Every structure is written in structure tokens, then in C-alpha cells.
Amino acid sequence: MLPPIARRFVAGESSDAALDHARELNGRDVSVILNLLGEHYDEPDPAEEDAATYRHLVDEIAEADLDACISIKPSQLGLDLGADAFRTLVTDVTEHAADRDVFVWIDMEDYTTTDVTLDVFTDLAREHDGGVGVCVQANLKRTRDDVERLADVPGKVRFVKGAYDEPASVAYTDKGRVNEAYRDLLEYAFAEYDGGIAIGSHDPEMIDLAKELHDEHGTDFEVQMLMGVREDAQYDLAAEGYEVWQYAPYGGKWLSYFWRRVRERKENLFFALRAVLGR
Ligand code: FAD
């Protein structure tokens, strides 16, 4: 059972719990991106099982008419088994979701996976005329070129700073330089994209910049934040009329995800404890 301390960051262990969470958030005008926790499978069976779970989840989202979508990790859907295995499984999930009008996000993992992830995304997005989105990471030096190439591709792009420790040969390692790259990417995207921009950040400075760029260019955008992080800001932005999506992970493999949130920011443990103690 999911212990109370992890409940701040994880929507539950079952898809029923995840759907209940989505229903509750929808009641507060926040849409939900559901991610079944799992990654780096080196056998076909767990990758195929997670693909089947996502197909079932998509059915449930559509049946319940929720403002919800899914986000998959490439190595969860077979990338460690090879590019073909990943392409087959993600195509299967995306076609199933497209038939039910449910959006599919593809998370971005470390820099060795960027080419294949963007190739598969581009093909799927063209085939389904949108309906799918991909994440790009500002810490990678290549991302400005990628973002320019993606301008002609339908679908959405989630802009994040980057969660992986990458080598200095391919990535900016200084936080200030990553922030500068992030600002530069947003300035380009709001000027050149037709819409479909997702701000995957909790950073108030970047969210303010997105608002300013929206006012300047009129380009649509949405804000995406993680479950358990700046939730008051999520509700406030939604109340101001901005489109807000909360990324909510769920599933049995919650432990490593929970510790990642705590390692990233020690205060998260304090917040989680406070939630358990009810004050
Ligand atoms: P930071 O640069 O970490 O912090 C900037 C400021 O934001 C802080 O000074 C503070 O004011 C505020 N802030 C940040 N965290 C907190 C907190 N816990 N509590 C209160 N205030 C806080 N990375 C990937 O590599 N691939 C992905 O596919 C991916 N998908 C993501 C999807 C979503 C929806 C989100 C939100 C992030 C995703 N990430 C992904 C992670 C991302 O790359 C960053 O590692 C992570 O979001 C931290 O960067 P930040 O921009 O939120 O803020």
C-alpha cells in the first residue's frame, strides 16, 4: 500500500486511484497527465505489460470523459530493447489513444535517446496530425536546433530544463546557463510556433516570461507541473484562466520516484511529513 508520506507526489498504486485523482483535479480546473511509473526494461514482457496498461488507462479516461492524458517514457515502452521495439509499442499506444481522442506525451530521457525519441515523435505527430507531444531539455546544447526543426511538426512540445546528469560535452552544467538557454528557447517558440507550447517548470520566473511572451505574440501555451510541487500555484494559475496540467505518476514502482523528489529538494521530505502530520 502507498504510505501516506508518498501520497503527496504519487496518485496511488492503481489506475482507479489515478483516475480518482484526475477527477478531483478536474473539479479544480486542472487537467492531468497520468504516468504509469516504470522505466529501463531489458525484457519485452514488462514493456508490453505497461503498453497494455496504458491502452486500458486510455479507455478509462475516454469512458469517464476526464480532462486527462498520458505520458510515457521511451525506456518503459521498449527503448532499451532497441529502437524498433520502442517504435512498435509507442505506435500501438498512440493509435489506440488517437482513436479515443486521448493525448499522448513522450517524456525525454538521457541524451543518448534524443535522436530516436524525436524521430519517432515526428513520424507519429505527422501521422496523427498532432495528438502527441514530446519533451525537450534546455540543458542540452543541441536543443535549440531541435526546437527549430520541430516548428514545422504538428503536436505539442514540452519545454523543461532537463533532469539528467549529462556530460559537459553535450550539456550546459551551470544552472544559470541552463536558465539562459530555457529563456532563449521560449522566446524562439513563442515567436515561431503556432501554439502547442507546454512550460514544464515550477520556476515562477519562467512562467512569468511565458505569460509576457503570450501577451506579445498571442501564442497559446499551457503550464505543466508535478503533483506535490507548488500545487497552490497550479490552482492559482488555473483560477486566473491559464491552462494547467498536473503530471501525476502512479503505480507500484513509486519508491524510487518518491526518493528522487526528496533528493532533488530536501524540503520535499518536510512537506510530505507535514502532509502526513496534517498541519
Ligand atoms: P528549478 O530550476 O529546479 O527551480 C527554479 C525555481 O522553481 C526555484 O527557485 C523555485 O522557485 C521553484 N521550484 C522548483 N522546485 C520547487 C519545489 N519543489 N517547491 C517549490 N518551488 C520549487 N525532465 C526531463 O529530463 N525529461 C522529462 O520528460 C521531464 N518531464 C517533466 C514534466 C513536467 C510536467 C515537469 C514539471 C518537469 C519535467 N522534467 C523532465 C523535469 C525538469 O527537467 C526539471 O528537472 C524540473 O522540473 C526542475 O526544474 P524547474 O524548472 O521546475 O525548477
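Quick note on numbering: the sequence shown equals residues 0 to 278 in numbering that gives the first Met the number 0. Just so it is clear, CB atoms sit at the ideal spot from N, CA and C, and this is done for glycine as well. Just so it is clear, the structure is predicted and the values come from calculations on it, not from any experiment.
DSSP state of residue i mapped onto helix, strand, coil
i, result
"G175", "helix"
"E263", "helix"
"L1", "coil"
"P248", "strand"
"N34", "strand"
"E242", "strand"
"V89", "helix"
"L139", "strand"
"A63", "helix"
"V57", "helix"
"R278", "Only weak support is given to the placement of R278: the predicted model assigns it a pLDDT of 47, under 50, and the value that follows is read from those uncertain coordinates. R278: coil per DSSP, three-state reduction."
"V103", "strand"
"A51", "helix"
"G170", "The displayed chain sequence assigns Ala, not Gly, to residue 170. Looking at A170 - three-state DSSP - the assignment turns out to be strand."
"V146", "helix"
Proximity of residue i and residue j at Cβ, strictly below 9 Å
i, j, result
"D178", "D202", "The sequence given here has Asn at residue 178, not Asp. Cβ distance < 9 Å, so N178 and D202 count as in contact."
"M226", "Y241", "no"
"L212", "E186", "yes"
"V261", "V29", "no"
"V57", "Y256", "no"
"Q136", "G154", "no"
"A96", "V156", "no"
"Y249", "H20", "yes"
"H107", "V159", "Note that residue 107 corresponds to Met in the displayed sequence, not to His. Their beta carbons are under 9 Å apart, which means M107 touches V159 by this criterion."
"G199", "F220", "no"
"R141", "T113", "yes"
"I60", "L18", "yes"
"Q224", "E230", "According to the sequence shown, residue 224 is Met rather than Gln. In this structure, E230 lies closer than 9 Å to M224 by Cβ."
"S74", "Y40", "yes"
"V291", "A124", "In the structure displayed, the chain extends from 0 to 278; residue 291 sits before or after that span and is not available."
Delimiting residues of the beta strand (DSSP E) encompassing residue i
i, result
"M224", "220-225"
"F158", "155-159"
"A67", "67-71"
"A124", "Unbroken run through A124 is the alpha helix (DSSP H), 113-126; no beta strand (DSSP E)."
"A197", "196-199"
"V9", "Element bounds for V9: n/a, residue is neither H nor E."
The alpha helix (DSSP H) enclosing residue i, as first and last residue numbers
i, result
"H216", "203-216"
Heavy atom of ligand 2 within 8 Å of residue i beta-carbon
i, result
"P153", "As for ligand 2, it is missing from this structure, which binds only ligand 1."
(message) With three or more C-beta pairs closer than 8 Å as the rule, is the stretch 164-171 touching the stretch 114-124?
(response) no
(request) Could you say if the stretch 74-84 and the stretch 33-47 meet the contact criterion of at least three C-beta pairs nearer than 8 Å? (result) yes
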